[in-house]
Every structure is written in structure tokens, then in C-alpha cells.
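Chemist:
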Amino acid sequence: MPVQQTSSVDSHRAKMLTLVDQMRIHYKMERVRMSETTRDLVKYCEQNMQSDPLIFPVKDNPFKEKKGCAIL
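Okay, so the sequence shown: first residue is 1 according to the UniProt record's numbering, each after it adds one.
1) In the DSSP assignment, find the alpha helix (DSSP H) that holds residue 39 and state where it starts and stops.
2) DSSP three-state label for residue 13, please.
3) Measuring only the C-alpha atoms, how far is residue 33 from residue 45?
Here it is, written out as C-alpha cells:
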């Protein structure tokens, strides 16, 4: 029994150390206000609107079949 308990404790300790490391990473992350992020996102979208194929689709679709379907 002691072997299983030691293994369980070691496993729990390893998980907790991983969690602490992850929390340190999140703590050190630079935070940006939502208003700034939103403004930057809108600016980026406006600057790249002309090259966005979802807004202005490509006239020639390379994946579309060139001929229609013919029923024999």
C-alpha cells in the first residue's frame, strides 16, 4: 500500500507544480484594455477589407466545375 500512496502523492505534486507554472505564465501576461483591442481590430479589418475574399469574392472560382451537369 505505501507504494501506491507515494505514487499518488508524487502524481498530485507534479500536477500542482504544472498548475502553478501555468498560473505564473498567466500572471505575467500583458493585459490590454478591451476598448484598445476592439479599436485595433476594426482598424485592421478596414485596412484589409479590399483583399478579403469573404467580402469581395473572387470572380473566377478555381474550384467550380467549368461545365454544367449533363444528364444522359
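Glycine residues also receive a C-beta, built at the ideal position from the N, C-alpha and C atoms. The structure displayed is predicted, hence computed values, not measured ones.
Modeler: Answer, in terms of the structure:
1) What you label residue 39 is simply residue 39 of the sequence shown in a count that begins at 1. Residue 39 -> alpha helix (DSSP H) spans 34-47.
2) As a first step, residue 13 is located in the sequence shown; it is residue number 13 there, counting from the start. In the structure shown, residue 13 sits in a helix (DSSP, three-state: H, G or I).
3) Numbered from its first residue, the sequence shown carries residue 33 at position 33. Numbered from its first residue, the sequence shown carries residue 45 at position 45. Rounded to whole angstroms, the separation of the alpha carbons of residue 45 and residue 33 is 19 Å.
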